[in-house]
Amino acid sequence: MRDLTGGIKISWVTPNLPHLMSILTKWVECGEEEIVPLSLAILGNLCYKNRPAIRTLSKCIDIKKFLRGFKTDIHVCKLFIILDCFHDDASEDVFLELIELTFESSIVVFKTRDSMLLRHVIEVFTDVWDQSNHVQVFQNFKNYNNKIDLMVSELESILHDGGVDMRSDNNNEFANLGIKFLNFVLKLRQPNLPALDSRLVNIALNWIQVDSVCSEALTLLRAVDVNCSSVLEPFLNHLPIFLRSITNGDDEIPTCIENNKKINSLIEILRVLVQSENIRKRVLAMVKEELFTKIFTPLIGTSSTSGMNNLNMCSTGATLLYVNCLALIDDLSNYDDCWIRFFTHLMLYKQIHMVLAQALYNGSKETKALTLTMSSGFYFPIAEVSTAMCELQALTQIDSPVQESNNRRKDDNLYPMMSVTQTEKPDKVLSLLEGVSTSDIMEYYECILARMSHAEQAERASLEAVLSRCTSLQHTTAQLEAELSRLHQKLLQTEQRYADALKTKEAVLLKNKLNEWMDLEKSKYSSDLSLKEKTINEKTQLLEEYAKQLTRLHEEKRILDDTSNQLKLVVAKLEDKLNMVGW
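Each residue of the sequence shown is one higher than the last, beginning at -8 in our numbering.
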């Protein structure tokens, strides 16, 4: 029953809470060593996020009387903190004791390999620190460095334990819980331990190949000092292989929750590494556009298998993954201009606009912060995202029945609950009851109780039927939401294809107009060309005639030159003869 009530609300428990709690408190008071821890654990599970159970327990027991023994302390602290809203006197010592007990219990559970108990201890601890305002108390814990050292040593012992299969399902779940708890406490407070970074990198690299532990192992690397490149050298050597395995994998992203977490953790690590000047160049050389093309293909691609993953497109994990990828591309564009072109290309798709709108509407604090940070950039499509947000507005701003009921109650408090006529009726009834005997009243009261008992049984049966129907409707609603998400994704893809078809049609029309204009110009220039050719032919004929005349003239000139030369010779001979005669 302790295991079944952990984080699960059972319908039949609610009407039997007083009786069940009275039995459990009696078992606690009996002092049996084996029964007390189990009873306290069930009480803690019943009161966890259940205000009616908290009120019932606060009336029938004093939680401070349960402080006894190591095995019960963790459950006592849990109950004490749950009831803090009623007692309002939880001191710092209680939370310090919870920290001490959590570390000690975790180390003991590490040795026994009880993953269920470890999950219970860690969930209580993380939920307390997520919801409480006592975060500063964690800084006052004295043995923090020693406890972290022991936790890391226990995680290392799983790797070095040769007697069991390190990759067994139990060890995988155990390592996942241990690394998750270590990530949580390292965010709250950084320890001062020598060589801790290298040990964390070694643990992360050994579990990074296991799908169920990979996301937490990658998150663990964020606790490492990224400015120390020597510590991260083993991870940087494996990073290209890891990126290549994702890019060349057959599965589309996102395909499942674990795959989302793994890729999202990797993107977050890359964003941290890009900020380090010592590692930035290596990261820029490793990260390629193919990685993001692989991630965004199910969202904006046209692959035949993308329809199978439409149920994951609008989930919180998928939205966080896409926003982190866009944030990483935005960071890369600050150091390499080629990423600006890729970023602007992605921002043309309406699916991206819808993802950013969903991140602003339904995303976590981290997701909204990332989106708002990107919105200050020059290439962020503010107008398109605003349009997408308007389309989502009808779905996100519907007033719930609870809110309307609360508003009605506030309005009702402004008026009297009963009118003057209504207040006179009880007075008349009381005056009629003055002469009635007590036995008659008791008999009537018992009759009323019997009727109420029968009515309660009928209402209980009706409640069970309603709960069954409600469960069925919830399943139907979940199926309809999944179908709506799938159809919404199909609509976005259809709109994208329609836009592409319009662009193609416009391009074809422009091409046809260009061809018509080219034909007209071609015919025009063809006629001009024919005239020019005719003129050229005429000029060519004239040129040939002139060439013939020139040739003839050259021949005549040659003959005349020959005749002139002969005459000159004759003249020269005659002059010689005349000179001889005159002599």
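C-beta atoms are modelled at their ideal positions from N, C-alpha and C, and glycine is treated no differently.
Nothing here was measured: the structure is a model prediction, and the numbers come from that model.
What distance in whole Å lies between the Cβ atoms of residue j and residue i, which are believed to be in contact at a cut-off of 8 Å?
i	j	result
Leu478	Met345	Going by Cβ atoms, the distance from Leu478 to Met345 rounds to 13 Å, so no, they are not a contact pair.
Leu577	Tyr326	The requested residue 577 does not occur in the structure, where the chain is confined to residues -8 to 574.
Leu179	Leu234	So it is not a contact: roughly 31 Å between Cβ atoms.
Leu212	Phe226	6 Å
Arg104	Asn161	6 Å
Phe165	Ile149	7 Å
Leu347	Thr335	Contact doesn't hold; Cβ gap of about 14 Å is too wide.
Thr310	Gln349	5 Å
Leu312	Ile237	About 12 Å separates the two Cβ atoms, so there is no contact after all.
Leu48	Leu31	Going by Cβ atoms, the distance from Leu48 to Leu31 rounds to 11 Å, so no, they are not a contact pair.
Val192	Val215	6 Å
Ile291	Gln342	5 Å
Glu224	Asn315	Between Asn315 and Glu224 the Cβ distance is about 25 Å, and since that is not below 8 Å, they are no contact.
Met142	Ser97	7 Å
Phe175	Thr93	Phe175 to Thr93, Cβ: 11 Å. No contact.
Leu337	Met277	Not confirmed; about 20 Å, so no contact.
Gly368	Asp321	6 Å
Val222	Ile270	That belief does not hold up - the Cβ atoms of Val222 and Ile270 are roughly 11 Å apart, past 8 Å.
Roughly how many angstroms lie between the CA atoms of residue i and residue j, to the nearest whole one?
i	j	result
Asp328	Leu458	58 Å
Leu114	Gln130	Residue 114 is actually Glu in this sequence, not Leu. Rounded to whole angstroms, Glu114 to Gln130 spans 20 Å at the Cα level.
Asp431	Glu415	24 Å
Glu382	Ser189	49 Å
Val204	Leu261	18 Å
Gln127	Trp120	10 Å
His545	Leu533	18 Å
Ala208	Leu168	11 Å
Lys62	Lys356	Since pLDDT at Lys62 reaches only 44, below the 50 mark, its modelled position is unreliable, and the value read off the structure follows with that caveat. Roughly 37 Å separates the two Cα atoms.
Ser267	Cys219	9 Å
Lys279	Phe333	11 Å
Leu15	Cys21	10 Å
Asp491	Leu501	15 Å
Val85	Val112	16 Å
Val27	Val19	5 Å
Leu11	Ala452	20 Å
Thr307	Val376	18 Å
Thr364	Leu317	11 Å
Ile286	Leu319	13 Å
Ser144	Asn183	15 Å
Thr554	Arg543	16 Å
Ile170	Ile194	9 Å
Val561	Lys568	11 Å
His445	Leu8	20 Å
Ser428	Lys419	17 Å
Lys481	Thr495	21 Å
Glu447	Leu37	23 Å
Leu511	Ala498	20 Å
Lys359	Leu323	20 Å
Ala449	Tyr352	43 Å
Leu520	Glu529	14 Å
Ile45	Glu425	41 Å
Thr485	Tyr340	12 Å
Residue i lies in the alpha helix (DSSP H); which residues open and close that run?
i	result
Arg273	271 to 277
Asn315	307 to 324
Ile26	26 to 38
Phe283	280 to 291
Leu211	202 to 211
Ser267	Segment: none, Ser267 is in no alpha helix (DSSP H) and carries neither H nor E.
Met12	8 to 21
Val99	83 to 103
Ala350	341 to 353
Asp188	187 to 198
Glu425	Note, Glu425: premise wrong, no alpha helix (DSSP H); not H, not E.
Lys575	Absent from the model: residue 575. The displayed extent of the chain is -8 to 574, so no value can be given.
Leu337	329 to 337
Say the cut is 7 Å; is the CB of residue i nearer than that to a heavy atom of the ligand FAD?
i	result
Lys504	The ligand FAD is absent from the structure shown, which contains no ligand whatsoever.
Chain B beta carbons: is any one of them nearer than 8 Å to that of residue i?
i	result
Val119	No chain B appears in this structure, which consists of one protein chain only.
Any contact between the stretch 523 to 532 and the stretch 374 to 381? By contact I mean 3 or more CB pairs, one from each, below 8 Å. no
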